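Step one of this worksheet: look at the structure below.
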Amino acid sequence: MEKRLEDKIYHYLLDLFETSATSEIHEFLMHSVIYVEYSYTFVSGDGEVLHIIVDPQLYKKYQQSIHLFKISILNKYFEFTHRRTIGVEVYPDLNKFQILQNTIVPIITPWEEINNEQNHMIKLLKSATNSIDYQNVGNAGRTILQKLSNIVFIPSKHIPEALIDLSEGKFKNRLHTYIKCELSGSINKELRDFSIAAITTAEKSVDLANRLTHDLNANPLLAEVCTISIVTVESIIKLINSTSVANVTFDSKP
0 MEKRLEDKIY HYLLDLFETS ATSEIHEFLM HSVIYVEYSY TFVSGDGEVL
50 HIIVDPQLYK KYQQSIHLFK ISILNKYFEF THRRTIGVEV YPDLNKFQIL
100 QNTIVPIITP WEEINNEQNH MIKLLKSATN SIDYQNVGNA GRTILQKLSN
150 IVFIPSKHIP EALIDLSEGK FKNRLHTYIK CELSGSINKE LRDFSIAAIT
200 TAEKSVDLAN RLTHDLNANP LLAEVCTISI VTVESIIKLI NSTSVANVTF
250 DSKP
């Protein structure tokens, strides 16, 4: 019969692996729950088997090293407990594995910082299990919009029609002004309106993901909608930017 490993033993085992040489095992155990089962095998005889239930993202991250982790954990556990230990088994905690309703494919933009933030946001979504996690997805989305506006908005070039706040924190105003300036003219009206609507949707979904921290049924959906809309905005800005750069290059040719 399995029982939870005593807290003192678990934390001391964790402490023993808190070294520069064993930092990966320490991270692995930090996000694990350990159970002990008294068992018997024909080869090894009787003794304890450690069952380690680990976060699914870390199981995936270290899947090539799990065999070595098991050997190290078994040896270290035996060293200080002197309990006869005949095995260590490791399993991903599938209760924490989230199946997304949509396959979200990251886009590659010309800006490495945006690409990194985008991958971080998608990673947060995949590992999210509670309201705080979903709120963090919204915060990551807001960070992307902020950084995106800082990159593409040029105060001397993108002049608004009316007097509005275009300070660094007003990413929505900045992105709207950027789009209106880059897609000026009646020929671009439909694309311009769609682009502005996409940014408005992204901002609203970010706000909802941040506010509805107690609605566990709504948060997974909102966090996913937030991620999809942010990636959509990135795609639009990437397209507009590439068109703008191409036009500048063409115009500068003799």
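The numbering of the sequence shown is numbering that gives the first Met the number 0, which starts it at 0 and goes up by one.
All residues carry an ideal CB built from backbone N, CA and C; glycine is no exception.
Fair warning: this is a prediction, and the values are worked out from it, not measured in the lab.
Which residue spans inside the segment 160-184 form an unbroken beta strand (DSSP E) run of at least 3?
Complete beta strand (DSSP E) runs here, min 3: none at all.
DSSP beta-bridge partners for residue 37?
DSSP output for residue 37 lists 47 as bridge partner(s).
Can you give me the start and stop residues for the beta strand (DSSP E) that residue 156 sits inside?
For residue 156, no beta strand (DSSP E) encloses it, and the DSSP letter there is neither H nor E.
Does DSSP put residue 241 in a helix, in a strand, or in coil?
Looking at residue 241 - three-state DSSP - the assignment turns out to be helix.
Suppose you measure from the CA of residue 49 to the CA of residue 138; what does that come to, to the nearest Å?
Rounded to whole angstroms, residue 49 to residue 138 spans 38 Å at the Cα level.
Given residue 10 as reference, the closest of 31, 23, 62, 52 once Cα atoms are compared
Of 31, 23, 62, 52, the residue nearest in Cα terms is 31.
Please report how far the alpha carbon of residue 157 lies from the alpha carbon of residue 25, in whole angstroms.
Rounded to whole angstroms, residue 157 to residue 25 spans 50 Å at the Cα level.
Would you say residue 94 and residue 151 are within 7 Å of each other, going by their C-beta atoms?
Cβ distance not < 7 Å, so residue 94 and residue 151 don't count as in contact.
Using 10 angstroms around the beta-carbon of residue 176, count the other beta-carbons present and answer buried if the total reaches 16, otherwise exposed.
Note on residue 176: 16 or more other CB atoms within 10 angstroms of its CB, so buried under the neighbour-count rule.
Secondary structure at residue 31, three-state DSSP: helix, strand or coil?
Strand, per DSSP.
Rounded C-alpha distance that separates residue 13 from residue 73:
Taking the straight line from one Cα to the other gives about 13 Å.
Can the beta-carbon of residue 118 be found less than 7 Å from the beta-carbon of residue 105?
Taking 7 Å as the Cβ cut-off, residue 118 and residue 105 qualify as a contacting pair.
Provide the residue span of the alpha helix (DSSP H) that contains residue 11, from first to last.
Bounds of the alpha helix (DSSP H) holding residue 11 are 6-15.
Take the Cβ of residue 120 as the centre, count every other Cβ of all protein chains shown within 10 Å, and call the residue buried at 16 or more, exposed below.
In the assembly as shown, residue 120 is a buried residue. Its beta-carbon has 16 or more other beta-carbons within 10 Å.
Would you call residue 213 buried or exposed, if buried means 16 or more other Cβ atoms sit within 10 Å of its Cβ?
Note that residue 213 scores a pLDDT of 49, beneath 50, so its modelled location is shaky; the value from the coordinates is reported in the next line. Counting Cβ neighbours within 10 Å, residue 213 comes out exposed, since fewer than 16 surround it.
For the segment 164-173 against the segment 130-148, are there 3 or more C-beta pairs whose distance is under 8 Å?
When Cβ pairs closer than 8 Å are counted between the two stretches, the segment 164-173 is seen to touch the segment 130-148, the count reaching three or more.
Check this for me: beta carbons of residue 265 and residue 162, under 7 Å apart or not?
Nothing in the structure corresponds to residue 265, since the chain is present only between 0 and 253.
If you draw a straight line from the C-alpha of residue 21 to the C-alpha of residue 237, how long is it?
Roughly 42 Å separates the two Cα atoms.
Residues that residue 52 bridges to, as DSSP identifies them
Answer by DSSP bridge pairing, in chain order: 32, 90.
Residue(s) in a DSSP beta bridge with residue 1:
Under DSSP, the beta-bridge partners assigned to residue 1 are 36.
CB-CB length for residue 197 against residue 235, believed under 8 Å:
Correct: roughly 6 Å between the Cβ atoms.
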